[in-house]
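In the order they appear, the protein sequences are chains A and B. Numbering of the first sequence is given in the numbering used here, commencing with residue 30 and proceeding in unit increments. Numbering of the second sequence is given in the numbering used here, commencing with residue 74 and proceeding in unit increments. We put the beta carbon where it would ideally sit given N, CA and C, even for glycine.
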Amino acid sequence: MADLTEARIAGYIEGRLAGATDVTVSDLRRIVGGASRETYRLKLAYTAPEGQRVERPLILRRDPPDSLIDTKRDIEFAAYAAFYGSAVPVPEMLWLEEDPAHLDFPFFIAEELVGFESSPTGLLSPPYSDKAEAIGLRKWTILGEISKADPVALGLDKVMELPTPQTCWTRELGYWEREVDKDEVEPQPIIRAAIRWLRANPPPPAQKISVVHGDYRSGNFLYDSDGEIHGILDWEMAHLGDPLEDLGWGLNRIWCWGGDDRRGGLLPRERAIEIWENASGLRADPAALHWWELFNCVKGQGIWVSSAKAWIDGQNRDPILAFSAWRMLNAQDRAALELMGKL
Amino acid sequence: MTPTVQAFIGDVAARLGMVFAPDLKSPYLAGSAGLTAAVLMMAAEEADRAAHRLVEENRAIRGIFKDAVAHATSEVFADELRTLAAGEDNDLRISVLQAANNDLRRALIELHAAVERDPGPAARRLDAEIWSELAESTRRRAFNSVRF
Numbered sequence: 030m031a032d033l034t035e036a037r038i039a040g041y042i043e044g045r046l047a048g049a050t051d052v053t054v055s056d057l058r059r060i061v062g063g064a065s066r067e068t069y070r071l072k073l074a075y076t077a078p079e080g081q082r083v084e085r086p087l088i089l090r091r092d093p094p095d096s097l098i099d100t101k102r103d104i105e106f107a108a109y110a111a112f113y114g115s116a117v118p119v120p121e122m123l124w125l126e127e128d129p130a131h132l133d134f135p136f137f138i139a140e141e142l143v144g145f146e147s148s149p150t151g152l153l154s155p156p157y158s159d160k161a162e163a164i165g166l167r168k169w170t171i172l173g174e175i176s177k178a179d180p181v182a183l184g185l186d187k188v189m190e191l192p193t194p195q196t197c198w199t200r201e202l203g204y205w206e207r208e209v210d211k212d213e214v215e216p217q218p219i220i221r222a223a224i225r226w227l228r229a230n231p232p233p234p235a236q237k238i239s240v241v242h243g244d245y246r247s248g249n250f251l252y253d254s255d256g257e258i259h260g261i262l263d264w265e266m267a268h269l270g271d272p273l274e275d276l277g278w279g280l281n282r283i284w285c286w287g288g289d290d291r292r293g294g295l296l297p298r299e300r301a302i303e304i305w306e307n308a309s310g311l312r313a314d315p316a317a318l319h320w321w322e323l324f325n326c327v328k329g330q331g332i333w334v335s336s337a338k339a340w341i342d343g344q345n346r347d348p349i350l351a352f353s354a355w356r357m358l359n360a361q362d363r364a365a366l367e368l369m370g371k372l
Numbered sequence: 074m075t076p077t078v079q080a081f082i083g084d085v086a087a088r089l090g091m092v093f094a095p096d097l098k099s100p101y102l103a104g105s106a107g108l109t110a111a112v113l114m115m116a117a118e119e120a121d122r123a124a125h126r127l128v129e130e131n132r133a134i135r136g137i138f139k140d141a142v143a144h145a146t147s148e149v150f151a152d153e154l155r156t157l158a159a160g161e162d163n164d165l166r167i168s169v170l171q172a173a174n175n176d177l178r179r180a181l182i183e184l185h186a187a188v189e190r191d192p193g194p195a196a197r198r199l200d201a202e203i204w205s206e207l208a209e210s211t212r213r214r215a216f217n218s219v220r221f
């Protein structure tokens with residue numbers, strides 16, 4: 030396996046840009062971004078057929094040997110592409126490549142949105158903390174737009190399984206319970222109790238089938254000091270399902286990085302729900318939302334136990350996996366206990 | 074053995090996070106070094122407390138099992154609960170204590186599921202005892218640096 034080099038990437042892009050000449054890639058750097066794929070920043074330059082020189086900052090996301098979560102890059106690519114140019118800000122997707130012959134693993138290349146912040150802890154201090162209300166308003170409004178969208182009209186039913194309103198919860202709970210079964214390296218009595226409760230107390234059918242981002246939280250969007258959000262990122266767990274699933278994930282206590290009750294370090298829980306309801310035109314029935322919030326503790330634990338296993342197996346020794354295993358797993362248990370009134 | 078393992082790892086973590094990481098040119102490596110420093114700080118804390126928290130937790134779960142045999146769903150499980158309840162932590166190596174903890178927590182899951190199905194007052198008391206221990210287990214595992 031050869032190194033990932035600027036020349037190899039330029040060679041690939043040259044074959045995709047009809048009529049372009051003198052294609053170069055420079056400033057290739059790996060950055061932190063998303064948990065399931067290697068993310069690189071690079072600068073593309075080429076001479077267009079009309080003669081002008083074009084420069085463009087890009088992001089390359091490549092499958093790693095192992096990852097926290099098993100996701101399909103074609104689904105992530107399709108989700109981004111579906112919302113491009115809509116009320117949901119996303120970068121433009123350029124090329125999806127499934128053939129590992131080009132860069133050793135499948136990958137996709139997208140526009141880079143430059144000059145914005147993404148750190149969830151960055152939201153906790155000036156100048157961004159002064160704009161928490163504005164960023165929170167945009168965050169939960171954009172989620173409302175995602176929930177409101179028609180996945181069939183977007184064409185996403187062609188790449189994502191379309192569940193019925195009655196089967197969203199069984200499919201999701203079954204999937205994440207199997208992940209815990211498969212990857213847990215020590216017994217998980219709290220999350221097992223949560224799973225038993227969820228099965229015994231199913232939620233009502235989804236009020237509609239929505240696009241579910243799957244990881245909608247602070248850390249997965251680009252923001253600025255004016256309180257605007259410029260890009261929703263990391264659609265690697267996108268699927269179709271109950272819109273309350275996304276709302277519940279974003280409200281998860283494990284994302285309260287400020288140590289207080291502000292969800293995602295931005296807004297109180299009830300305010301976030303109010304904004305989402307106004308933007309989506311949907312209702313967050315308290316009992317149904319409670320079910321999805323507790324479900325998201327199971328989902329979180331599925332991710333954290335998989336992190337621990339990937340590190341222990343030695344397939345991926347990124348420190349984020351050990352961090353997840355030690356810090357997030359216990360926080361997730363505490364979040365589940367809190368929701369069940371047992372903390 | 075001094076300096077303690079906790080002090081040494083904590084110092085390495087501080088150097089990595091505050092001295093080395095800021096000077097790394099690659100944003101990915103700088104981020105990775107910073108995260109490694111955070112994980113090392115947790116490792117330092119765990120090095121000091123791990124044996125204590127495992128012994129304490131194993132003792133607490135054995136205490137639950139002593140009063141729980143009547144709620145076992147089979148004679149085999151009842152025997153397992155008796156055996157586990159009679160266990161002792163004589164070997165204080167972390168790996169041995171963790172193995173015992175895994176056995177105890179696996180049986181606790183089965184017991185909890187059985188108790189949930191029983192509406193009787195004794196089962197309700199045991200259920201509350203199990204939940205109390207589960208909440209305590211998360212306090213034992215929490216790190217000083219973590220706010221939730």
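Determine the contact status of residue i and residue j, defining contact as a CB-CB distance below 7 Å.
i	j	result
E174 of chain A	V117 of chain A	yes
N131 of chain B	A173 of chain B	yes
I60 of chain A	T68 of chain A	yes
N325 of chain A	G277 of chain A	yes
L366 of chain A	A208 of chain B	yes
L172 of chain A	W305 of chain A	yes
G90 of chain B	A110 of chain B	yes
S115 of chain A	L311 of chain A	no
L348 of chain A	L108 of chain B	Here residue 348 of chain A turns out to be Pro, not Leu, going by the sequence shown. The answer is yes: Cβ separation under 7 Å.
I283 of chain A	A178 of chain A	no
P232 of chain A	A313 of chain A	no
W321 of chain A	E274 of chain A	yes
F137 of chain A	R102 of chain A	yes
E118 of chain B	F216 of chain B	yes
I182 of chain B	P216 of chain A	yes
Tell me which same chain residues have a C-beta within less than 8 Å of the C-beta of residue i, skipping the five on either side of it?
i	result
S55 of chain A	E35, L71, K72, A74
W333 of chain A	S353, A354, M357, L358, Q361
V214 of chain A	V334, A337, K338, I341
How would you list, in chain order, the residues of chain A whose beta-carbon sits under 8 Å from the beta-carbon of residue i?
i	result
G136 of chain B	Within 8 Å Cβ-Cβ: nothing; G136 of chain B doesn't reach chain A, min ~16 Å.
A208 of chain B	L366, K371, L372
Which same chain residues end up closer than 6 Å to residue i when comparing Cβ atoms and leaving out the 5 residues on each side of it in sequence?
i	result
A235 of chain A	P194, C197, D271
A187 of chain B	H144, T146
E84 of chain A	A74
What residues of chain B sit near residue i, judged by a beta carbon separation below 7 Å?
i	result
F145 of chain A	Ordered by position in chain B, no residue passes the 7 Å Cβ test against F145 of chain A, which lies about 15 Å from the chain.
I349 of chain A	L108
A222 of chain A	H185
A360 of chain A	V219, F221
F352 of chain A	L108, A111, V112
Anything in chain B within Cβ reach of residue i, meaning under 8 Å, just list it in chain order.
i	result
V61 of chain A	P100, Y101, G104, S105
G288 of chain A	R220, F221
Residues in its own chain within less than 7 Å of residue i by CB, not counting five upstream and five downstream?
i	result
E206 of chain B	A133, I134, I137
Q171 of chain B	L127
P297 of chain A	D290, R291
D191 of chain B	H144
R246 of chain A	W278, G279, W284, G293
Just the chain A side, please: which residues come within less than 7 Å of residue i by C-beta, in chain order?
i	result
N175 of chain B	E215, P216
R214 of chain B	N359
E189 of chain B	R225
Would you grab the beta carbon distance between residue i and residue j for me? Rounded to a whole angstrom, and I think it's under 8 Å.
i	j	result
V241 of chain A	H268 of chain A	5 Å
K328 of chain A	D255 of chain A	Their Cβ separation, rounded to whole angstroms, is 33 Å, which puts K328 of chain A and D255 of chain A out of contact at 8 Å.
R91 of chain A	R66 of chain A	6 Å
L185 of chain A	A111 of chain A	5 Å
E105 of chain A	W205 of chain A	Incorrect: roughly 19 Å between the Cβ atoms, too far for contact.
Y157 of chain A	Y252 of chain A	7 Å
Strictly below 9 Å CB to CB, what residues from chain A border residue i?
i	result
R178 of chain B	E215, P216, Q217, P218
I182 of chain B	P216, Q217, P218, R221, A222
M115 of chain B	A351, F352, W355, R356
Just the chain B side, please: which residues come within less than 9 Å of residue i by C-beta, in chain order?
i	result
R300 of chain A	Those within 9 Å of R300 of chain A in chain B number zero; the least Cβ separation is about 19 Å.
> Which runs of the beta strand (DSSP E) spanning at least 3 residues fall entirely within the stretch 64-99 of chain A, listed in chain order?
Replying inline: Counting only runs of 3 or more, we get 67-76, 82-91.
> Hey, which unbroken runs of the beta strand (DSSP E) at 3 residues or more fall wholly within the stretch 249-320 of chain A?
Replying inline: 250-252, 258-261, 268-270
> Which residue spans inside the stretch 102-173 of chain A form an unbroken beta strand (DSSP E) run of at least 3?
Replying inline: Here the runs fully enclosed are 122-126, 136-140.
> Which parts of the stretch 178-247 of chain A are runs of the beta strand (DSSP E), unbroken and 3 residues or longer, counting only runs that do not cross its ends?
Replying inline: 239-241
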